[in-house]
Each structure stands twice: as C-alpha cells, then as structure tokens.
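Below: the structure, in structure tokens.
In the numbering used here, the protein residues as written are 3 to 1253.
Printed below as a string of structure tokens:
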C-alpha cells in the first residue's frame, strides 16, 4: 500500500463517522450509549486527522521511511483501519436508505443495539491506542502494537465473529463441485507460496551457482570422478560429523569438475527422485529433507562481489530453496529489511543461517577454488572462520578444493586431505568422448584413436585441462601423419599449460586475418571485462564498428563462430550463457600478456562502449514507462554493461577517447539513458524504471567514475563548446561533488572545489560531501576534506545522522577514528531516533569498530534509542554473538544487563524469542540474568514463553532444562510455553516440551483455546497427531464460543483433520457450539461435500439436529444452494427423531432402536423459528434444482404456510422465480389461489412485483 492509499482510507472513515455522529446528535429519546458513541467517535476522528497530516508531511520530506513503512500496516487489507471502516459502514446501512436517513414521522429513532455500540466502542478504543502510538513516531513500538492488535482480533472469536445473518443472506450461488474449487484454491495457494519463496531466495542472494553446476555436470563423461567417490577419504568424510575434507590440486587437475560431481552425488543421495547414485550405504544413511547441500564456486572474476556476507548468503539461499519449511528466520530477516530498502549485515546473515541450519540433521557445503577467494581484505580468512564456527554448533561437513597454496594448506593441517589429479582412466574416458570432434582421419582409424587416447593420457600428468587443450590442438590436423607428429610434440610437465596456451595463441595468429582479429577482440573482452559477459552482450559488443549510429543486426556474429576462432581457449556455460576462458590458468596467462599482445585492447573496449551508448536510439533520453525500458534493454543487450562499466575501462585511456567521450557526456539525453540503466538493479515494483537520479549530467558521471581528465574538459569547454556547470543538481539534490565523494575520488573532489563548489552543500536528504565520503569509508577523501577550512565535521542529515554515525554504522573504523579525534566531535549525540554512533556501530556489527568505542570513557553504553532499545538489546535481537560478548565484558553494560525495552522485553527474552541460542548461553553466564530467567514481563511472558513462540528448539531446550525455569508458566492470557509452541506450529519445539511431566498439553487460554484447537484451526495435522497421542488431551474441549477441534476443522474445510478426528470413537461428532451449530450444519452451509459424507458415516451424527434458530443441516444446504449436499442429506439413513445426548440413557435406548429401523430419510418438513421449511427457503431463493429434489420427496408439504403466512408458491411468485413457480404449480395439492395473512394471492404478489 502506498502512503496516498492510507490517507484515502482515513478520509473515507472521517466521512462515514461524520454521518453517524450527525445522526447521533439528531436522534431523539436515545439511550446514554448515544452520547458516548458521539464523543468517542469524534475523538478518534481528531486523531485520524492528525495522522493524515503527519503522513502527508512524511511523504513530502521522506525523513522517516521506517515510520512510514510501519504506519502503512494500519491500512492493509483487513487491518485496523479496514476493519473499523467496515464496522462503521455496517452501522451506516441501518440508518441510511436510498432516500437518506430512515425516519418515523418527524423524529429520528436510535436503531443500534447495546451490543453493536459496545462493539464499535471497543474498536474505537483499540484504534485510538494504535494511532496515539503512531503519532509518537515510534515505528518499532507501532509495529509491535499492530501485531498485538491483529493477534488479539484473530484470537478473540467474539471480536472476529462474522455477522452470519448478513453473510448468509449474501452468499452467492457456488459451483456444485466445491471439491474442484478447493483444488483450484490449493493450487493457487501453492503457486503463491512458490513465488513467495522464489522472491525470498532471490532477495537473500543473487548468486546462481545452480546454473554453473548444471553446466559442469552436462559436460561430464559417464563414470568420470568415480575414483573420488570411491576413495576412503571421501567416504570417511561422509561418515563422520563435522569433518572437513581438503582437496588440493595442481592447476587444470579438474578440481571444479570433482566439486560438481560431489554436489551432484550428494543431492541425488538426499533426494532419491533425482536418481540412484552408486553407494547404497550412503543412500541408507541419508534421509530426504533432513540433509542440506550447498555449494560455492569461487571465481577470480567476481572477487569484488564474493565477500563473507555474500558467500554465507549464497549458502543460506540454497538451504531455504531446498527446504522452504526452514525459511522462517529468513522471512523474518526479509520483512525487517525489504520495506526499508536495506540489506542485512554479516551478523544478521550468520545468525539467520545458524537458525536455518537447525532444520537439518547435516549440511554439506562444497567450496570450489578457495584460492580464487580474495584474502587481501581478509575475506577468505573470515569466511573460513565463520564456517568453522558453524561446525562447532552443527553437523556441517565442509569440502574445499584449491590450488596447493601454502597459506591455504596451513589452514587444513588437521583435516582429511585428498589430492585431486586427473586419473588416467578419466582422461581416456574424456578423450574417447571427444573423438567425434576430431578430423575424419582419426574417426575412421581405431588404432590412431587408441594412440590419441594413450599419448594424451601420458602427456597430461594429472592435468585434465591439458587433455582438453591437446584435443583442441589436433582439430586442424587433417592427416594421420600430422596427427602422429603432433602427438609426439605434445607439451608435458609443469610448463605444459603455459606452452599449450602459447601454442593456442600461435594457432590463432595463423588463422585468416579476420578470424585472428576476431579472436583477439574476444579474448580482450573476456580478460578486461569487469564482470562475466553473456553471449548476447559479447555478440553486440563485437558487432559495433566505429562511427555506428545504431545496432547493425546484420553484423552480429554467431556464438559458435566466436568460440571456434579462439583455439579452444573460450567456452560458453550453457545454463547461464556466460562466455568465459576455459580455466583460471588461462586468465592468469592472458593477464600477463594481454597488454603486449593487444596493447590497444582497453581503448577499443572503451570506444565500443561509448559508441553503443551514443546510438541514435538513446537520444530520446531515459524511458518514462517500465515496459518501454524493458523493451529497450531486451533489444539492446549490451546497454547494461556499457552503462555500468564504460567509466572503468576509460580510466587509463581518457585522453585517447576524449573526443567521443566528451560528445557523449555533453548530451544530456544520452547521459540520462545511461544513468537510468546503470542505476536500476531490481525489477520488482511498479514504476521501478524511474528510480534513478534524473537530471544528472555528464559532470556527475565523470565525477562518479573519477575521470579527472574528461571532467576538466567538460568544465573548461573546448571546440567552441562552453564549459558545463560544476554544481548542477540531480533529482535528489546531489551535486557532482557528492558523487565523487561517495566513490572516494580525491583528485576529482579537489578539481571541483577549485570551481568554488560549496564544500558543505547538502542534497535533499541533508547529506554533505564529507558525510558521503565517511559513509563510503573512503579514508583518503575524508582526510582531504577534513583538512579544508570551513568543513562542517558535525554536519547532520535530515535524520540527524553525522559523518561519524554513518562511518560507525558501515564499520569503517579508520574513518570513524579520524572523526572522533576532531576537536568538538559529537561522539555520543543521537540522531532523530536517538541512535548514537555507538549504537549504530552495534547494529552494523563491525567488531573492531565496537571495540574502539568500548575503549572510550565518554560514551553511555546503555543509552536507549527512541524506542527504548539499548545496545545490548539491539545486539541480542540481531543475533550478534561477538558484539554481545564484547558488551558483557564492559562493567557498565554488565551492571544493567536486564534493562528492558518499552515492551518489557529484556535482552534475554529478545534473544530467546528470535532463537539466538549462543546469545542466550552468553547471557545466562551473568548472575543478574539468571536471577530473572523465569520472571515474566508485564504480559506475564517469560523468556521460555518467548522462545517457544519463536519456535527455536535448541533455545527452548536450553531454558526448559534449567531447574529454575517453570516449564508450564502461564502468562496474563493463561497461555503456557507449550500453548505458544503449538500456535507457532513448531513440532520439534513441542516435542521438547510435551514429554515433560510438568507440562500440561491441554491448557486453555482466556478464550478457551487449547493447543489442539489451535492446531485444528491452523491445519497442522502433524501437531494434531502429536497432541492426540497424549492421554491428557481432551479431544472434545470447547472454546468460549463452544467450538471443538472438529468444529474448527469443519469450518475451515480441512478434510484431513476432520477425517483424523472422526477416526476417534471418543470424538463428539454431533457437538453443538454456542449458536447450536453442529459440524454437519457448518459443512452443509459452507459446501464441504467430502466432510458432509465423512460426518454422515458416523452413527452419532443426527442430520435433523436444530440450532438455536431451529435450522437443520438440510435447511442450510437449501439456503446456500448446495444441491449435492441436499441430495446427500435426503438420502441419509436417519437414526434420530430427536437430538441425541450420549450421556442420557433414554437417548442411548432411542439410538439403539432407531438404528434398527430401515432407510428413514431426514424430515423435510422441519421448520426454523420463522416457520420456514427447506422447501420454503428453496422457493424463496429460487433454487429450482433443490425445489425439484424436495418435491420428489414423499411426505413433503408443498403448500405449508410459514410464520408469515407464506407458502412456497407465494414466496416464488412474490420474488419472480418463474421456473420455481412452474414446478410448484405442477404439484398436486398446491393451491394457486392460496391467500396469505394480508389476503394476497401468488398472482397478486407477482403483479405487485412487476413479474
């Protein structure tokens, strides 16, 4: 919902309220309820008006997105505002007719019952509380209050009970086959769940290792790698918990293929549907769904993207993807960040991964090419440390492949080790599979084929890549003599790969000139590219000629031709369509020779990018519609890469490409197109195509990429073109100076400041260049800016955040230290939400930054933000184990370890609720925490109760096994930890509690709801089975509305649960709720045919039982036009003449006698409290098929009058149901001239109604 929608909802409520208040003021002789209603409704209207103005102000300022996001929850469908509006409109219907207010004489009469007034007053009170919280601008408190409100509405059946009289009168005709409808609904729900999970996993990580996995496996020759799967080391790794298998190998040994084979093997074992791998022993060991498999392909090309956070995110993604039922923690993380447009920190990802791993017995993680994971910034060491931390708490089995790097090998001294080398058998198998690619002279000569297999096998010396390169070296040898000569000269030994690459270069240069030139271009693009290129992108790039003004589609090459001219050095991943070099060693080789081999490569790439960006098709500027933008990038596939990376390629060749670059940068339309394309990353929301900084100029772009030479040309002007403005602003009010500062381009910052640009200029969000540089962690740029006169070091943005706040949040310790050393630095001042730099550091999770703050004496380490959260509470909530440990070592924090937030939640209860077991353990080492381990908050909720609701099995177990914890404590709503676990649908947590003698499995809350009732309502059959296995669970327990588990399961239409319950002899199948409704009545009314059949099979179900209004199951089936159910009921062998009471001996005798009678159907002439029979209702509603069924019934009284003196014929004629009138007139005994109590006949009524 957007903000304008919620203001529209508020306006609608204000209008309806005004109508009702005017009515209340005008009405005469009204009870005292009138005055209270008018006063309370007017009071709420005032609050709503204030809220409306506050929302509109936030829309303009965009200063508190978090608050706005939470306020939106008030206006969601069926949310607080929606429910209140519906309640008001329902009251309005009672006083407004088509001509205005209903009047009797000249006076208005009070038309509302006490119950209706009480109900609306209760809703007013609740909504007032929520709005008052909203107006306090406390988004966290508001989110909790809304959740509590919605939970209360859901739990309290009195509050959510639908006005059955209104609903039943409005139920439309539904298809006869409700089963088919239910199947459709289930299918839609499954599709929605699948899409929701897909959105979640893509949000967690954009990495797609599955496509790489599929590509590698598709290249595998059958049987390859079996030696690895059969090895003792590999099988020991499979057998022993938390083991690590390290697999070093020389370059080109086939390590990546072995990784892919391992993952394929593990997944087939964990999911038999994928196929039966060799090794029945392993298949017996694993159990589908309880073993997780994740993989990482480290890649030198994506080192900037592969940091510890993204790598762990990729593992989390794969586990959630494989087991959606384990996605609870990930969903919570998603909801926390998505609306605010933020990404989770490393600590949040790690905590979520740990929680998710609790859903698996064992998790296998296979990391390929660990040596390609950069360690310049400590990523590799940190990643390994986190994986080993996981092994401490879970059965995580790690496998790594890597080159034999001494630094890496030292990390695995105690691990299982298995060297990867290309086995002779695998090499022969591979070569044999490639014979069809070799010249005919080889394909027709079996002896020569044998020589090829033997010689290549001897030459590769354990390097699989060599086998591939050697096969490619034979492809142009057309005679047996040339093949044999080449086999003798095949390079061998340590230098073989480099020799093979050099030989490939020679073969490239020996080709036809155009082919050789094309190969050079292809190899330059692949080696210089800032990210892997797709086939479409590369084909478009190669199709561009200098001076092109549009894409010449006739100049686009075929991918196969591109690959064929590269002498086997280039390959295409079929799944991802990525074009790459055959191996990392080839990339390394070209990194060494590319400048000498093709010295103009970078210039050619930059020229191609700029030519593409300058196409006439883009001179219209950015696209105004999403569809237009999508069509543009679909047709011009190279536009995305060119827009994002042209500036990187231009860094070293600015002067050489200046003419083309300056022409592009001076064209605002072309720049607008490029900026739009480079700025859009996610295509998920409406109008996403406009989420880019409009009005940015070429000066902005030059500043962003740090192109000092080009920027100088733009500012000074040349060739008769005047200079461009240095201080122009984009749509966000950002000047080129802030673009340069955010990227850390010090030289460009200096150049712009020489043009008298304001060093403290603020954008629309109040952010200065210094703030942007600090936020990005650019130490050199920050130092430069701090050295200038007049710079505001404590500048605040619109959220009240300083440069120090941003640097602390992002974990930029060096920058934070620089800022803290400044004289007058506001080190412990909070922003608009009272979040201090230290609190931001805790939330950001950078351990070194937090340590830096903890070493100071001028910081309040227990300072609360505007929502009452202390640093310790934040760390506990976010699962930051390392930060919690640091905080607990500080005396000030330790002394206030039980400091609670406004919801009376302590760090312990927060950690317990969110399932952070390690943090709970840490906190329980503190004596003050132990002293309150079983103390309830102001809702009576203990840490155990919170943990049970959170559904974390390990945390619940940790707490419940303590002697000082009451496992069956009750909160203020009478709910026990077991009750909360049942409601959370967490079977494993329930099992921890249910086996304890001190836990009551059948406890009721204040609404009379037991865990069994909740399980029935929530369709959790596994929990139902668990509970029904307990002797102390009453299967017939009723809530305050008289609903049993069977009632709820029937109302919700859960056939499986109904069947489960009816299999029990002790279930009361004919039970009545507070309205006298039986399960059979509910099933008949709601159209659940299968459930009706199941109920009718029970001997103790009486189809003639009446509810409090005298209505039977047949009455409901007729009223709601359930023809099939009417047939079922009329064909039922009734065993009753009165209601059956199992505790009454006379009833039991009556049942025994009745069961001996033959085929006596339900009585069709039973009347409700208005005297209407089933036939009367069918005629009144015009249900012809049901009228026909009833008329065929022996003994039906077709002319019976009801309490209004109306017969079925009178009703049908009065309401114009022609077909029904014909059916009734055909019936003998039906009087066509029968008069009702007003003396009117069917003809009179038909005439009156114009029928």
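The beta carbon of each residue, even a glycine, is placed where N, CA and C say it ideally should be.
Pairwise C-beta distances place the segment 917–926 in contact with the segment 882–890, as three or more of them are shorter than 8 Å.
Here the C-alpha atom of residue 666 lies approximately 44 Å from the C-alpha atom of residue 332.
If you draw a straight line from the Cα of residue 324 to the Cα of residue 1213, it comes to about 59 Å.
The residue from 987, 447, 472, 527 with its alpha-carbon nearest to that of residue 457 is 472. Non-local beta-carbon contacts of residue 318 in its own chain, meaning distances under 8 Å to residues more than five positions away in sequence, involve 206, 207, 332, 351, 354, 355, 358 in chain order. Here residue 552 is exposed. Its C-beta has fewer than 16 other C-beta atoms within 10 Å.
The alpha-carbon separation between residue 964 and residue 1056 amounts to approximately 38 Å. Put simply, the backbone Cα of residue 841 is about 14 Å away from that of residue 814.
Short of 7 Å from the beta carbon of residue 898, and not among the five residues preceding or following it, lie these beta carbons of its own chain, in chain order: 864. Between the segment 361–380 and the segment 865–881 there are fewer than three inter-stretch CB-CB distances shorter than 8 Å, so the stretches are not counted as touching.
Here DSSP, grouped into helix, strand and coil, assigns residue 804 to coil.
Look at the segment 519–554 and you find these whole runs of alpha helix (DSSP H), each 4 residues long or longer: 537–545.
Just so you know, the alpha carbons of residue 663 and residue 712 end up roughly 8 Å apart.
Within its own chain, the residues whose Cβ lies closer than 8 Å to the Cβ of residue 1083, once the five positions on either side in sequence are excluded, are 1107, 1109, 1113, 1114, 1115, 1118, listed in chain order.
In the structure shown, the three-state DSSP call for residue 1114 is coil. Put simply, the segment 741–752 touches the segment 696–708. At least three CB pairs are less than 8 Å apart. By the neighbour-count definition (other C-beta atoms within 10 Å, threshold 16), residue 253 is a buried residue.
Look at the segment 1199–1248 and you find these whole runs of alpha helix (DSSP H), each 4 residues long or longer: 1210–1216, 1220–1227. A Cβ-Cβ separation of about 45 Å leaves residue 439 out of contact with residue 363 under the 8 Å criterion. In this structure, residue 592 keeps its C-beta atom at 8 Å or more from the C-beta atom of residue 654. Contact between the segment 1033–1049 and the segment 1004–1019 is present, with at least three C-beta pairs closer than 8 Å.
In the DSSP annotation of this structure, the continuous segment of the beta strand (DSSP E) that includes residue 401 starts and ends at 398–404. Counting along the chain, the unbroken beta strand (DSSP E) around residue 575 starts and ends at 572–575.
Taking the C-beta atoms as reference points, residue 642 is found nearer than 8 Å to residue 635.
Assigned with DSSP and collapsed to three states, residue 1015 falls in helix. Fully enclosed alpha helix (DSSP H) runs of no fewer than 4 residues occupy 310–324, 330–339, 348–359 of the segment 294–382, in order along the chain. By the beta-carbon neighbour count (other beta carbons within 10 angstroms, threshold 16), residue 557 is exposed. For the set 569, 736, 1023, the Cα lying nearest the Cα of residue 502 is the one of 569. Residue 424 is positioned such that its CB atom lies no closer than 8 Å to that of residue 452. A Cβ-Cβ distance of about 11 Å is found for the pair residue 485 and residue 492, leaving them out of contact under the 8 Å criterion. Rounded to the nearest whole angstrom, the CA to CA distance from residue 1071 to residue 1050 is 12 Å. In this chain, residue 748 is not harboured by any beta strand (DSSP E); it is covered by the alpha helix (DSSP H) spanning 748–755. An exposed status is given to residue 224, since fewer than 16 other beta-carbon atoms sit within 10 Å of its beta-carbon.
The Cβ neighbour count for residue 893, taken over all protein chains shown within 10 Å, is under 16; the residue is labelled exposed. Judged by DSSP secondary structure, residue 707 falls outside any beta strand (DSSP E) and instead within the alpha helix (DSSP H) spanning 700–707. Look at the segment 820–849 and you find these whole runs of alpha helix (DSSP H), each 4 residues long or longer: 839–846.
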